[in-house]
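S.K.: So the sequence shown is numbered by full-length UniProt numbering: it starts at 1 and just counts up by one.
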Amino acid sequence: MIYITKPITALYDDAQIKNNYTQIDVRKLDKYIATANEPEIKNHRQKIKNGNENTYSQLFKNVGAKVQDSIGIHDIDLAKNIKLTGPTYNSKPIHINQIKSDTVDKHIKIIADVSQASNQYIASRVTENKCISCGQKHSQLQNVCTNDITKPIRCENPDCGKSKFEIKSEYDIDTQKLILSDIASVDSDEDIDAYLQSDDVGTVKIGQRVIVDAIVKKTFNEKTGKGDIYLDITDISVQDEKEQVNITEEDKKRLEDIGNNIPIEQLVQSYAPHIKGRDTEKEAILVSLMGGNGLDGSLSRATINLHFVGEPATGKSETVMWAEQLYNQVQQVDGINVSQAGLTAGIVDNKVDDNESQIVKAGALPRADGGIAIIDELDKMHPEIQNSLFRPLAHNEVKIDKIQSGRIKARANVLATSNPKHGHIDPHTAIADQIDMHEALFSRFDLTFVLKDTTHADKKISKSTLYDETEDGDFVEEEEDVPLSVQEMREYIYYARQINPIVSYEASEKLDKFWTGLRQESLSGNETEEQRQKIDNRNLEALKRITLAYARLQLKERATVEDAERTIWLMEQSLKSLSDGDDMDFTVINKGVTQTQEERKKAILNEVEKAGQMTEWQIAQELGLDYETVKAEIRSMKASGDIIPVSGQITVAN
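(1) Decide yes or no for the touch test of the region 623–634 against the region 421–429: beta carbon pairs closer than 8 Å, at least 3 of them.
(2) Please state the DSSP three-state secondary structure of Gln269.
(3) Going straight from the alpha carbon of Glu265 to that of Glu397, what length do you get?
(4) Using the Cβ count rule (16 or more neighbours within 10 Å means buried), how would you classify Gln487?
(5) At a Cβ threshold of 9 Å, is Val287 touching chain C?
(6) Do the region 200–215 and the region 123–134 touch if we need at least three Cβ pairs shorter than 8 Å?
(7) Given Phe449, which residues of its chain have a CB within under 6 Å of its CB, disregarding the five upstream and five downstream residues?
(8) Rounded to a whole number of angstroms, what is the C-alpha to C-alpha distance between Asn260 and Arg490?
(9) Counting only the same chain and skipping the five closest in sequence on each side, list residues whose C-beta sits under 8 Å from that of Asn419.
(10) Take residue 671 as the anchor and find which of Glu599, Glu598, Gln597 and Ile634 has the nearest alpha-carbon.
(11) Is the distance from the Cβ of Ser237 to the Cβ of Val201 below 9 Å?
(12) Considering only C-alpha positions, which residue in the set Leu415, Ala364, Ile183 and Arg391 is nearest to Thr319?
(13) Check Ala36 in the structure and name its three-state DSSP category.
(14) Residues in the same chain with beta-carbon distance under 7 Å from Ala549, minus the five sequence neighbours each way, listed in chain order, please.
(15) DSSP three-state label for Pro392, please.
(16) Mind checking which residues open and close the beta strand (DSSP E) that includes Arg154?
(17) Rounding to the nearest angstrom, what Cα-Cα distance links Lys556 and Pro501 in this structure?
(18) What do you get for Arg566, buried or exposed, if any count of 16 or more other CB atoms within 10 angstroms of its CB means buried?
(19) Kindly give me the distance between the Cβ atoms of Gly370 and Gln329, rounded to whole angstroms, as I take these residues to be in contact under 8 Å.
(20) Does the separation of the CB atoms of Ala507 and Ala564 fall below 9 Å?
(21) Apply the 10 Å Cβ neighbour rule to Gly161 and answer buried if 16 or more other Cβ atoms are within range, or exposed otherwise.
(22) Taking the continuous beta strand (DSSP E) assigned at Val287, which residues delimit it?
(23) Tell me which residue opens and which closes the alpha helix (DSSP H) that Thr234 is part of.
(24) Hey, would you say Ile493 sits closer than 9 Å to Tyr230, going by beta carbons?
(25) For the structure I just gave you, are there three or more beta carbon pairs, one from the region 266–277 and one from the region 440–448, closer than 8 Å?
(26) Just checking my contact of residue 692 with Leu306 at CB under 8 Å: how many whole Å lie between their CB atoms?
(27) What did DSSP end up calling Arg125 once you bin it into helix, strand or coil?
(28) Can you tell me which of the three DSSP states Tyr327 falls into?
(29) In three-state terms, what does DSSP make of Ala620?
(30) How would you label Tyr195, buried or exposed, when you count the other beta carbons within 10 angstroms and need 16 or more for buried?
(31) Around the C-beta of Thr248, are 16 or more other C-beta atoms found within 10 angstroms, so that it is buried, or is it exposed?
(32) Measuring alpha carbon to alpha carbon, tell me which of Gln120, Phe220, Gly423 and Leu511 ends up nearest Asp199.
(33) Alpha carbon to alpha carbon, how far is Gly135 from Gln98? Give it in angstroms, no decimals.
(34) Among the candidates Lys316, Asn539 and Cys131, whose CA atom is the shortest distance from the CA of Phe165?
(35) If we ignore side chains and look at the alpha-carbon of each, how far apart do Asn648 and Glu616 end up?
(36) Rounded to a whole number of angstroms, what is the C-alpha to C-alpha distance between Asp182 and Asp349?
Written out as structure tokens, the structure reads:
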């Protein structure tokens with residue numbers, strides 16, 4: 001005897017009842033078999049695990065008949081003509097734009113982003129209808145996805161045949177509507193309606209990337225007069241890197257051997273090996289890929305943000321974008337074309353609930369949560385859109401002011417690139433004055449690197465790209481041995497990111513000493529206490545994040561003095577590339593201008609204001625500065641409106 005319990009009754013919720021057969025995914029049976037205590041099910045359990053389809057069918061017929069009795073549905077034969085659909089775990093995922101009419105009623109698999117989600121609602125699975133004329137009862141199946149209530153067309157009583165009914169009872173099921181977007185592009189219009197039911201309701205959130213198994217369905221839209229395709233989800237899970245990177249025990253030993261024996265330099269050689277001469281930048285990217293794991297309470301965020309400023313053809317974009325090969329969760333946007341909604345989040349019309357409300361749609365940063373967000377040509381981004389980056393870069397979240405509790409997680413390691421305004425780097429001008437970006441945005445990046453034109457590197461990049469396009473794909477020059485393949489690097493990066501090291505006392509002391517020295521050089525003495533505190537926290541946290549990342553990159557549970565020294569070296573490389581000969585200090589990272597450059601500008605302004613009007617040559621002579629340096633400073637001060645030209649001379653703007 002089978003005793004009807006809640007999980008078995010819920011089995012009915014997962015059955016797809018057609019006109020002449022009942023369809024159910026075998027994994028749904030597995031779920032209830034695992035939780036039920038019915039003696040008859042226990043006896044079948046082992047056979048079912050072995051994949052005996054006859055056992056599946058017989059079990060469902062037995063259970064289905066009992067479920068029918070328990071919910072009082074008698075004119076729908078639930079246990080008739082059982083049609084089982086198998087798992088699709090081994091099938092290849094398709095894109096949303098491949099879901100067409102020929103996939104209707106088929107079981108498919110997709111990987112997509114959840115862009116919208118409705119609140120949970122109750123939909124009618126079956127209604128019991130009573131004919132108003134004769135009292136005949138009729139059971140009517142409902143489409144829980146569309147949530148439209150359908151009544152019988154006419155009474156089946158041969159002596160009646162009328163068409164007016166009243167609903168006497170309903171059998172309900174929890175339902176949730178999702179809008180799934182294709183992962184190919186943030187601004188892609190490719191999306192599809194999908195429906196969760198029963199226990200799957202509420203298991204995913206906006207912005208998450210999900211693996212979906214579903215049956216493609218079609219319904220008629222009376223408003224448009226067209227048939228709409230949607231997905232009836234049979235299984236859903238948030239994508240985990242484990243789905244893509246399968247690490248066996250044997251792999252673990254091999255990866256640990258790599259961590260113990262291969263120096264960081266060889267890991268760097270394995271990153272974008274076709275690009276030569278960018279080892280410092282490559283190392284910084286590998287460090288950034290180690291960010292994002294865990295907070296120990298002393299850090300405001302765990303992610304590591306990098307900014308690369310360089311002239312065209314320096315290989316910065318290609319170097320950054322190679323990171324896509326090592327990570328699952330990657331979103332890429334172009335600063336020229338991206339909208340604020342496409343970058344962070346936007347308020348859009350609610351397509352998931354039957355009302356005229358508006359809801360949040362996640363942009364690239366939330367969709368890259370737990371992964372990488374690549375922003376190419378950040379300098380070309382509209383200033384208002386740049387401003388929307390402050391919070392996600394600093395606090396790993398996007399805030400929507402127009403809605404209650406409007407916060408979405410955006411824990412992405414950001415890799416951004418920018419170009420100088422005039423196409424080349426001017427060594428005499430502060431970097432902040434050479435790119436279209438608010439100087440405060442500089443401080444949101446842990447490291448910024450200036451990439452200058454190197455002919456040798458350009459030739460190497462161009463050459464490798466050209467060879468890749470040849471018919472046989474061979475390199476003319478002798479190929480170099482790459483320590484690790486792309487797949488090995490992918491596995492190693494994934495494995496290393498699972499480690500959560502701590503900073504040793506000795507390493508912490510090393511960082512404090514370095515930070516204290518540079519901090520003193522960064523403070524002019526005119527800062528408020530709030531500004532002083534920001535410099536304290538921001539740069540010291542960056543040093544700690546990078547040190548932890550170095551330890552993780554080497555599979556170490558404890559960050560040592562060596563990791564701190566490597567961090568200091570990398571920070572110095574960033575400062576040197578930004579300072580271009582001036583004294584190194586944190587000001588250049590926080591503002592894009594060194595303390596020396598700030599003082600030089602103030603001296604020029606004071607000298608011009610005192611004299612009233614001066615030529616550039618007179619300023620250089622009076623201050624004892626290089627003439628080319630003065631010209632560059634004057635050029636940037638004209639652009640900012642601090643000074644104006646007057647009859648071949650310059651004067652301070654009012």
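C-beta atoms are modelled at their ideal positions from N, C-alpha and C, and glycine is treated no differently.
M.R.: Straight from the coordinates:
(1) Judged by Cβ distances under 8 Å, the region 623–634 makes contact with the region 421–429, as three or more pairs qualify.
(2) The answer is helix: DSSP assigns Gln269 an H, G or I state.
(3) When rounded, the distance between both Cα atoms is 34 Å.
(4) Around the Cβ of Gln487, a 10 Å sphere holds fewer than 16 other Cβ atoms; the residue is exposed.
(5) In the structure shown, chain C does not exist; there is a single protein chain.
(6) They do not touch, by the three-pair rule.
(7) Glu281, Phe308, Ser574 and Ser577, listed in sequence order.
(8) Their Cα atoms are separated by approximately 17 Å.
(9) Excluding residues within five positions, the ones whose Cβ falls inside 8 Å are Val309, Gly310, Glu311, Pro312, Glu377, Asp379, Lys380 and Ile435.
(10) In the structure as shown, the chain begins at 1 and stops at 654. Residue 671 is therefore absent and cannot be evaluated.
(11) A distance of 9 Å or more separates the beta carbons of Ser237 and Val201.
(12) The shortest C-alpha separation from Thr319 is found at Leu415.
(13) Since pLDDT at Ala36 reaches only 44, below the 50 mark, its modelled position is unreliable, and no value is offered.
(14) The beta carbon of Ala549 lies closer than 7 Å to those of Val287, Met290, Gly291 and Ile304 in the same chain, with the five residues before and after it left out.
(15) Of the three classes helix, strand and coil, the one that applies to Pro392 here is helix, per DSSP.
(16) Where Arg154 is concerned, there is no enclosing beta strand (DSSP E), given that its DSSP letter is neither H nor E.
(17) If you take the alpha carbons of Lys556 and Pro501, they lie about 7 Å apart.
(18) So Arg566 counts as buried.
(19) At roughly 5 Å, the Cβ-Cβ gap stays under 8 Å, so Gly370 and Gln329 are in contact.
(20) The answer is yes: Cβ separation under 9 Å.
(21) For Gly161, the number of other beta carbons within 10 angstroms of its own is below 16, and it is reported as exposed.
(22) Not the beta strand (DSSP E): Val287 falls in the alpha helix (DSSP H), residues Asp279 to Leu289.
(23) Element bounds for Thr234: not the alpha helix (DSSP H) but the beta strand (DSSP E), Lys226 to Val238.
(24) In this structure, Tyr230 does not lie closer than 9 Å to Ile493 by Cβ.
(25) Short answer: they don't touch.
(26) Only positions 1 to 654 of the chain appear in the structure, and residue 692 is not among them; the question remains open.
(27) Arg125: strand per DSSP, three-state reduction.
(28) The three-state secondary structure of Tyr327, taken from DSSP, is coil.
(29) In the three-state scheme derived from DSSP, where H, G and I count as helix and E and B as strand, Ala620 is classed as helix.
(30) Classification for Tyr195: buried.
(31) Classification of Thr248: exposed, given that the 10 Å Cβ count is below 16.
(32) With distances taken between Cα atoms, Asp199 lies closest to Gln120.
(33) Within the model, the alpha-carbon separation for Gln98 versus Gly135 is close to 48 Å.
(34) Closest by alpha carbon: Cys131.
(35) The sequence as given places Gly at residue 648; Asn does not occur at that position. Between the C-alpha atoms of Gly648 and Glu616 there is a straight-line separation of about 9 Å.
(36) About 19 Å.
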